[in-house]
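**Q** Here's a structure for you.
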Amino acid sequence: MDKRSEPNLISEHNGLPQRIPRTLLRLETHLVEHCNLNCHMCTHFSPLAKPVFADIKEFERDMKRLAILFGNEVEYIMLLGGEPLLHPDITDFFHVARAFFPETNIILYTNGIILDQMDQNFWSACKSAQIEFILTKYPIKVDYKVLAHTIWKHEIKYKFCNTPGREKKSSHFPFDLQGQQDAYHSFISCDIANRCIFLREGKLYTCCIAPNIHHFNHYFNTNLSLSPQDCINIYQAKDKKEILNFLTTPIPFCRYCDVKNRTEGNDWRISNRNISEWTV
């Protein structure tokens with residue numbers, strides 16, 4: 009096996025990025041929970057999720073509240089899933105996000121599989137709301153050159169998140185189902201803490217794993233529990249400083265993350281929905 013394709017242990021670091029409050033909020037949120045690809049070891053647990061679509065009224069309330077708290081001090085809003093293109097009313101989310109955040113980068117994170125099925129209304133909405141695309145190239149039967157030309161033709165900014173010529177690889181983020189890890193150590197050694205900040209039902213989480221654990225629990229009949237201390241309610245927070253400081257703090261759920269056994273560079277494949285994809 010080529011050394012570059014061998015799983016390599018994710019190195020620990022000093023934790024400073026996690027512990028330093030951001031000057032600008034960044035956030036991601038699901039438009040749908042399920043996916044049309046279902047990757048092995050998905051950290052959003054999309055292969056395990058039932059079809060659920062985001063509610064536009066709830067999204068609008070949350071965007072309004074965040075705009076009150078942060079104004080234009082939001083680095084980006086990333087709309088993803090699951091596969092966000094599966095939402096039948098996806099364009100409504102573009103318009104709402106742009107209305108409340110006129111200067112923020114609004115990103116659609118997609119696998120692009122059904123982009124060629126989207127109608128002109130979709131493309132017009134993307135252009136008027138200045139939506140940017142981030143796509144991942146998977147080793148599947150998709151002509152990414154044609155896909156890129158389609159996006160370019162509609163005058164939409166886009167990029168592929170994996171390096172050209174490099175095969176898509178997967179990271180393995182295993183759980184300690186007994187929750188016996190040191191939460192602080194897990195947090196400061198985690199490369200998604202205070203980075204993949206996630207919005208769900210009016211609450212912000214420091215990562216994307218904790219707010220989506222219900223899919224894992226339901227599918228495997230486990231009980232990796234969440235508590236009110238695992239998130240911050242944007243309607244109860246008094247200001248942006250309180251939120252940004254909270255996101256730098258280890259949460260109780262971190263005790264379930266076995267960070268020392270995380271690996272990257274694993275071969276990509278479709279999920280078998282086996283619990284071993286998310287455990288040691």
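The numbering of the sequence shown is this note's numbering, which starts it at 9 and goes up by one. Using N, Cα and C, we set each Cβ at its ideal position, and we do this for glycine too.
With DSSP collapsed to three states, give me the class of Pro15.
**A** For the purposes of this step, residue 15 is taken as the residue at position 7 of the sequence shown. For Pro15, the pLDDT reaches just 39, beneath the cut-off of 50, and the residue's location in the model is therefore unreliable, although a value from the coordinates is still provided. The answer is coil: DSSP assigns Pro15 none of H, G, I, E or B.
**Q** So what's Arg208 in DSSP terms, helix, strand or just coil?
**A** As a working note, residue 208 is residue 200 in the sequence shown. In this structure, Arg208 counts as strand in the three-state DSSP scheme.
**Q** Below 8 Å, how does it come out for the stretch 57-67 and the stretch 80-100: are there three or more Cβ pairs, yes or no?
**A** yes
**Q** Do you know how far the Cα of Arg73 is from the Cα of Asp247?
**A** Locating residue 247 in the sequence shown gives position 239, where the first residue counts as 1. Locating residue 73 in the sequence shown gives position 65, where the first residue counts as 1. The alpha-carbon atoms of Asp247 and Arg73 are separated by roughly 11 Å.
**Q** Can you name the start and end residues of the beta strand (DSSP E) that Ile85 belongs to?
**A** Locating residue 85 in the sequence shown gives position 77, where the first residue counts as 1. Run containing Ile85: 82-88, per the beta strand (DSSP E) assignment.
**Q** Under the assumption that Glu36 contacts Cys265 (Cβ atoms under 8 Å), give the Cβ distance between them as a whole number of angstroms.
**A** In the sequence shown, residue 36 corresponds to position 28, counting from 1. In the sequence shown, residue 265 corresponds to position 257, counting from 1. Not really, about 18 Å apart at Cβ, beyond 8 Å.
**Q** Where does Ile70 land, buried or exposed, given buried means 16+ other C-beta within 10 angstroms?
**A** Numbered from 1 along the sequence shown, position 62 holds the residue referred to as residue 70. Reading off the sequence shown, one finds Asp at residue 70, where the question assumed Ile. Classification of Asp70: buried, given that the 10 Å Cβ count is 16 or more.
**Q** Classify Ala107: buried if its beta carbon has 16 or more other beta carbons within 10 angstroms, exposed otherwise.
**A** Your numbering for residue 107 matches position 99 in the sequence shown. Flag for Ala107 reads exposed.
**Q** Take Glu20 and list the residues in its own chain whose beta-carbon comes closer than 7 Å to its own, dropping the five residues that flank it on each side.
**A** The residue given as residue 20 occupies position 12 in the sequence shown. Unreliable positioning characterises Glu20 in this predicted model, as indicated by a pLDDT of 41, which lies under 50. A coordinate reading is not provided.
**Q** Could you give the DSSP three-state label for Asp100: helix, strand or coil?
**A** For the purposes of this step, residue 100 is taken as residue 92 along the sequence shown, with counting starting at 1. Correct three-state label for Asp100: helix.
**Q** Answer yes or no: do Phe224 and Thr51 have a C-beta to C-beta separation smaller than 8 Å?
**A** For this step, residue 224 is matched to residue 216 along the sequence shown. For this step, residue 51 is matched to residue 43 along the sequence shown. Not a contact, by the Cβ cut-off of 8 Å.
**Q** Locate the alpha helix (DSSP H) running through Phe168, then write down its first and last residues.
**A** Sequence index remark: in the sequence shown, residue 168 carries index 160 (1-based). Per DSSP, Phe168 belongs to no alpha helix (DSSP H); it is in the beta strand (DSSP E), 166-168.
**Q** Kindly give me the distance between the Cβ atoms of Cys262 and Phe195, rounded to whole angstroms, as I take these residues to be in contact under 8 Å.
**A** In the sequence shown, residue 262 corresponds to position 254, counting from 1. In the sequence shown, residue 195 corresponds to position 187, counting from 1. Cys262 to Phe195, Cβ: 5 Å. Contact.
**Q** Where does Cys169 land, buried or exposed, given buried means 16+ other C-beta within 10 angstroms?
**A** Position 161 of the sequence shown, counted from the first residue, corresponds to residue 169. Result: exposed.
**Q** Please state if the CB of Pro110 and the CB of Trp276 are separated by a distance shorter than 8 Å.
**A** Residue mapping note: residue 276 aligns to position 268 of the sequence shown, counting from 1. Residue mapping note: residue 110 aligns to position 102 of the sequence shown, counting from 1. The Cβ atoms of Trp276 and Pro110 lie no closer than 8 Å to each other.
**Q** Of all the alpha helix (DSSP H) runs that stay within the bounds of the stretch 173-232, which reach a length of 4 or more residues?
**A** 191-196, 221-228
**Q** Apart from the five residues on each side of it in sequence, which residues of its chain come closer than 7 Å, Cβ to Cβ, to Leu234?
**A** What you label residue 234 is simply residue 226 of the sequence shown in a count that begins at 1. Within the same chain, and ignoring the five residues on either side of Leu234 in sequence, the residues whose Cβ sits closer than 7 Å to its Cβ are Ala218, Ile221, Phe261.
**Q** Take the Cβ of Asn119 as the centre, count every other Cβ of all protein chains shown within 10 Å, and call the residue buried at 16 or more, exposed below.
**A** If you number the sequence shown from 1, residue 119 lands on position 111. Buried, because 16 or more other Cβ atoms sit within 10 Å of the Cβ of Asn119.
**Q** Start and end of the beta strand (DSSP E) containing Tyr117?
**A** In the sequence shown, counting from the first residue as 1, residue 117 sits at position 109. DSSP places Tyr117 in the uninterrupted beta strand (DSSP E) bounded by 113-118.
**Q** Have a look at Leu17 and Asn274 and give me their C-alpha separation to the nearest angstrom.
**A** Residue numbering aside, residue 17 sits at position 9 when the sequence shown is read from its first letter. Residue numbering aside, residue 274 sits at position 266 when the sequence shown is read from its first letter. Here Leu17 scores only 39 on pLDDT, less than 50, and its place in the model should not be relied on; the value that follows carries that caveat. Per the coordinates, the alpha-carbon of Leu17 lies some 11 Å from the alpha-carbon of Asn274.
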